[in-house]
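*Asks:*
Residue numbers (our numbering): 1 to 221.
#1: Please report how far the alpha carbon of residue 143 lies from the alpha carbon of residue 5, in whole angstroms.
#2: Please classify residue 8 as buried or exposed, where buried requires at least 16 other C-beta atoms within 10 Å of its C-beta.
#3: Quick test of your reading: residue 73 and residue 128, contact by CB under 8 Å. State the CB separation rounded to the nearest angstrom.
#4: In the DSSP assignment, find the unbroken alpha helix (DSSP H) run with residue 159 in it and report its ends.
#5: Along the chain, where does the alpha helix (DSSP H) that runs through residue 28 open and close?
#6: Using 6 Å as the cut-off, classify the Cβ of residue 97 as near or not near the heavy atoms of the ligand GDP, replying yes or no.
#7: If we count the other Cβ atoms within 10 Å of its Cβ and call it buried at 16 or more, is residue 14 buried or exposed?
#8: Considering only their Cβ atoms, is the gap separating residue 151 from residue 101 smaller than 7 Å?
#9: Short check: CB of residue 55 to CB of residue 45, under 7 Å?
#10: Return the first residue and the last residue of the alpha helix (DSSP H) that residue 138 is part of.
#11: Under a Cβ-count criterion, where at least 16 other Cβ atoms within 10 Å of its own Cβ denotes burial, should residue 38 be classed as buried or exposed?
#12: Output the distance between the C-alpha atoms of residue 156 and residue 192, rounded to the nearest integer angstrom.
#13: Beta carbon of residue 167, beta carbon of residue 121: below 7 Å?
#14: Check residue 42 in the structure and name its three-state DSSP category.
#15: State the Cα-Cα distance for the pair residue 67 and residue 182, rounded to the nearest angstrom.
#16: Could you tell me the boundaries of the alpha helix (DSSP H) in which residue 201 lies?
#17: Taking buried to mean at least 16 other C-beta atoms within 10 Å of its own C-beta, is residue 104 buried or exposed?
#18: Quick check on the burial criterion: 16 or more other C-beta atoms within 10 angstroms. Buried or exposed for residue 110?
#19: Identify whether residue 12 lies in helix, strand or coil by the three-state DSSP scheme.
#20: Apart from the five residues on each side of it in sequence, which residues of its chain come closer than 7 Å, Cβ to Cβ, to residue 216?
#21: Going by C-alpha distance, which of 140, 153, 178 is nearest residue 162?
#22: Exposed or buried, what is residue 1 when buried is set at 16 or more other beta-carbons lying within 10 Å of its beta-carbon?
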């Protein structure tokens with residue numbers, strides 16, 4: 001088999017592995033197993049940690065967040081290892097490919113008709129493996145903005161958007177075009193998933209954490 005064809009087939013395997021891990025709908029499964037409910041019928045209908053938390057299942061919300069972070073991190077680590085099989089120089093590209101596909105899997109899980117979460121927790125998992133310092137700095141941005149403004153969506157959007165900036169400043173790998181493209185694309189997809197939240201933020205009607213909710217909203221997860 002030609003080397004270039006083998007390389008592309010190997011890349012497809014990495015895509016499948018990362019997508020499968022990312023597509024595991026942890027919030028949906030936890031609520032279904034422990035409360036016999038469909039999280040898609042509760043609150044905003046989102047399957048992510050924020051909606052699980054706001055549905056009243058605080059413990060399950062925390063577990064959902066942790067598992068979503070871990071599945072993103074696991075996808076990056078596993079794809080990085082698998083990428084070196086036959087292609088020793090491909091580890092960083094394998095990690096980046098795994099990161100992107102894991103986030104896409106969370107956002108568009110085939111098991112739930114491609115209607116998943118917004119990828120924030122999973123993105124944090126991939127960020128801290130791809131560029132640990134940048135990932136933690138992005139988390140710091142999220143925490144600061146949430147503490148000040150109490151909008152999960154705003155903190156998620158700007159925290160994610162800050163990642164490629166921090167990555168560029170703190171890692172040499174970000175000077176690789178493919179890796180840097182992935183570091184930009186993930187935040188762009190997260191921002192796109194928050195389209196309705198952005199509209200409500202501009203209109204002043206977005207849900208503010210800690211205040212009495214008057215109508216269902218579609219917060220980050």
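By construction, the Cβ of each residue, glycine as well, lies at the ideal position given by its N, Cα and C atoms. Here the structure is a predicted model, which is why all the values come from computation and not from measurement.
*Replies:* For this structure:
#1: Taking the first residue of the chain shown as position 1, residue 143 is located at position 143. Taking the first residue of the chain shown as position 1, residue 5 is located at position 5. The straight-line gap from Cα to Cα measures roughly 45 Å.
#2: Walking along the chain shown from the start, residue 8 turns up at place 8. That one is exposed.
#3: Locating residue 73 in the chain shown gives position 73, where the first residue counts as 1. Locating residue 128 in the chain shown gives position 128, where the first residue counts as 1. About 7 Å; that satisfies the 8 Å criterion.
#4: Residue numbering aside, residue 159 sits at position 159 when the chain shown is read from its first letter. Looking at the DSSP string, the run of the alpha helix (DSSP H) that includes residue 159 is 152-170.
#5: As a position in the chain shown, residue 28 is number 28, starting the count at 1. Residue 28 -> alpha helix (DSSP H) spans 26-35.
#6: By its list of ligands, the structure shown contains no ligand whatsoever, and the ligand GDP lies outside what it can speak to.
#7: Translated into the one-based positions of the chain shown, residue 14 becomes position 14. Buried is the call here.
#8: Here residue 101 refers to the residue found at position 101 of the chain shown. Here residue 151 refers to the residue found at position 151 of the chain shown. No, Cβ-Cβ distance for residue 101 and residue 151 is not below 7 Å.
#9: Position 55 of the chain shown, counted from the first residue, corresponds to residue 55. Position 45 of the chain shown, counted from the first residue, corresponds to residue 45. Result no, Cβ atoms of residue 55 and residue 45 do not sit closer than 7 Å.
#10: By 1-based counting over the chain shown, the position of residue 138 is 138. Looking at the DSSP string, the run of the alpha helix (DSSP H) that includes residue 138 is 132-149.
#11: Here residue 38 is taken as the residue at index 38 of the chain shown, counted from 1. It is exposed - the Cβ of residue 38 has fewer than 16 other Cβ atoms within 10 Å.
#12: Counted from its first residue, the chain shown places residue 156 at position 156. Counted from its first residue, the chain shown places residue 192 at position 192. C-alpha separation (whole angstroms): 12 Å.
#13: Sequence index remark: in the chain shown, residue 167 carries index 167 (1-based). Sequence index remark: in the chain shown, residue 121 carries index 121 (1-based). For residue 167 and residue 121, no; Cβs fall outside 7 Å.
#14: What you label residue 42 is simply residue 42 of the chain shown in a count that begins at 1. Three-state DSSP puts residue 42 in coil, outside helix and strand.
#15: Stepping through the chain shown from its first residue, residue 67 is reached at position 67. Stepping through the chain shown from its first residue, residue 182 is reached at position 182. Each residue's alpha carbon lies about 22 Å from the other.
#16: Here residue 201 refers to the residue found at position 201 of the chain shown. Per DSSP, residue 201 belongs to the alpha helix (DSSP H) from 195-203.
#17: By 1-based counting over the chain shown, the position of residue 104 is 104. Buried is the call here.
#18: Looking up residue 110 in the chain shown gives position 110. Exposed: under 16 other Cβ atoms inside 10 Å.
#19: One-based indexing of the chain shown puts residue 12 at position 12. Reduced to three states, the DSSP call for residue 12 is helix.
#20: Along the chain shown, read from residue 1 onward, the residue named residue 216 stands at position 216. The predicted model places residue 216 with a pLDDT of 47, which falls under 50 and marks its position as unreliable; any figure quoted below should be read in that light. The residues are 43, 44.
#21: As a position in the chain shown, residue 162 is number 162, starting the count at 1. Nearest C-alpha to residue 162: 140.
#22: Along the chain shown, one-based indexing puts residue 1 at 1. Because the pLDDT of residue 1 is 44, which lies under 50, any placement of that residue in the model is unreliable, and the question is left without a value.
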